[in-house]
Amino acid sequence: MPVLRQITTCTEPSTVVIERRSRGRDRAVDYRLEVCRRHRWLAEHWTGRRSTEGAGGRCGTVTDHRPYTRIVQSHADLWLRPLTANGPEDHDGDLAAALRAGYELITADREPTGVAIALEHAARVAEAVTAQTLPLAAGQAQVLAALGAAETLDAGARGA
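Put into structure tokens, the structure is as follows:
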């Protein structure tokens, strides 16, 4: 099931599409990122075929078809680590611990923002999945939704 991510709050139509084809038999595309001319710098970390074909959707939209672990790693590499200087690999692969550490860093000297609240929610859901109090697929979908919300809120706060 594809996951929708929004890495900008820009409402301009996209002018560039970066599409990474999958080698897996279960899906044709790993992800598709759309960015406008002003935000094309965001695509520097996204590999794939760049074109204008199919452009015109909302800037910053990522339709992500990859498996859960690869999407989480993408969030960690491209967003969580730059924001909080840590990721799951800094916590023996424990996503919930990495998200909690990010929450604590962001809220150390100030009241929780929407980004922090979404990180804390994602951590709680990840803990529930690990404890098996939430079904795996439903819990993973909730973690990805919370991470997507946090990333979008952060993009808005940064003016992206």
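The numbers in the working numbering rise by one with no breaks, and the one at position 95 of the sequence shown is 96.
Glycine included, every Cβ here is placed at the ideal spot set by N, Cα and C.
Since the model is a prediction, treat every value here as computed from it, not as a measurement.
Three-state secondary structure (DSSP) at residue i?
i	result
Ile-8	coil
Pro-14	strand
Arg-111	coil
Ala-86	coil
His-40	coil
Asp-95	coil
Gly-160	coil
Arg-26	coil
Check this for me: beta carbons of residue i and residue j, under 9 Å apart or not?
i	j	result
Glu-35	Val-63	yes
Ile-8	Glu-152	yes
Gly-58	Pro-14	yes
Ala-123	Ile-107	no
Arg-51	Arg-33	no
Val-144	Leu-96	yes
Ala-150	Ala-119	yes
Ala-56	Val-17	yes
Leu-84	Gly-115	no
Cys-60	Thr-12	yes
Which partner residues does residue i have in the DSSP bridge list?
i	result
Glu-20	Arg-33, Arg-50
Asp-65	Val-4, Tyr-32
Pro-136	DSSP output for Pro-136 lists no bridge partner at all.
Arg-59	Pro-14
Please report how far the alpha carbon of residue i lies from the alpha carbon of residue j, in whole angstroms.
i	j	result
Leu-81	Ala-127	15 Å
His-40	His-66	22 Å
Tyr-69	Gln-141	7 Å
Gly-157	Thr-10	5 Å
Gln-133	Ala-139	11 Å
Asp-27	Ala-98	31 Å
So is the beta-carbon of residue i under 8 Å away from any non-hydrogen atom of the ligand ADP?
i	result
Leu-100	This structure lacks the ligand ADP; in fact it carries no ligand of any kind.
Does the segment 101-117 come close enough to the segment 70-89 that 3 or more CB-CB pairs lie under 8 Å? yes
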